[in-house]
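Participant: There's a structure below that I have some questions on.
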């Protein structure tokens, strides 16, 4: 009898948890299908209490969580982005990206407005050394590999991961 009671409670608990997830998925706009995400970009600013998120979704297009006034209007779009934590050792901003391909990473660079803060020195050097080249001010894929923690996708993980940290500057 006790075994039957334990099994019943376990089944009800599992059904409730799974059902709650499905219900949340249907009732809120916070859920996007993971398989349709091409890339995702998260800025962790200050103490990490609020994150600025951008996502490229095959069905929804490019979305972000800030409004026209620059205010954060909602949580991030996927559980991956919502669960990112700020590195305790770094008091500056962190930019964390995941993408399906190198082309997707280049797509991120075309839509992000904040990333150039991480590469100010590099851009100044490039524009001084080669002012005749129109691409001298652009951040390249190689710049990301050199300046950031870059992880290629593997058989177990189908994402390219990039994490850039900028130390806090005191002025």
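Numbering (this note's numbering), first residue to last: 1 to 171.
All residues carry an ideal CB built from backbone N, CA and C; glycine is no exception.
Just the Cα atoms here: how many angstroms apart are residue 150 and residue 144?
Facilitator: Numbered from 1 along the chain shown, position 150 holds the residue referred to as residue 150. Numbered from 1 along the chain shown, position 144 holds the residue referred to as residue 144. Those two C-alpha atoms are separated by around 7 angstroms.
Participant: What would DSSP say about residue 3, mapped onto helix, strand or coil?
Facilitator: By 1-based counting over the chain shown, the position of residue 3 is 3. Note: residue 3 maps to helix in three-state DSSP.
Participant: How many Å lie between residue 46 and residue 93 at the Cα?
Facilitator: Counting from 1 along the chain shown, the entry for residue 46 is found at position 46. Counting from 1 along the chain shown, the entry for residue 93 is found at position 93. Computed Cα separation, rounded: 7 angstroms.
Participant: With DSSP run on the structure shown, which of helix, strand or coil describes residue 35?
Facilitator: Along the chain shown, one-based indexing puts residue 35 at 35. Helix, per DSSP.
Participant: Consult DSSP for residue 108 and reduce its assignment to one of helix, strand or coil.
Facilitator: Taking the chain shown and counting its residues from 1, the one referred to as residue 108 is at position 108. DSSP places residue 108 in helix when its eight states are reduced to three.
Participant: Let me confirm a value: residue 96 is counted as buried when at least 16 other C-beta atoms fall within 10 Å, else exposed. Which label applies?
Facilitator: The sequence position of residue 96 within the chain shown is 96, counting from 1. Buried, because 16 or more other Cβ atoms sit within 10 Å of the Cβ of residue 96.
Participant: Hey, quick one: how far does the beta strand (DSSP E) through residue 95 stretch, first residue to last?
Facilitator: As a first step, residue 95 is located in the chain shown; it is residue number 95 there, counting from the start. Unbroken beta strand (DSSP E) run through residue 95: 94–99.
Participant: Out of 101, 65, 163, 5, state which residue places its alpha-carbon closest to the alpha-carbon of residue 85.
Facilitator: Here residue 85 refers to the residue found at position 85 of the chain shown. Looking at the Cα atoms, 163 is the closest of the given residues.
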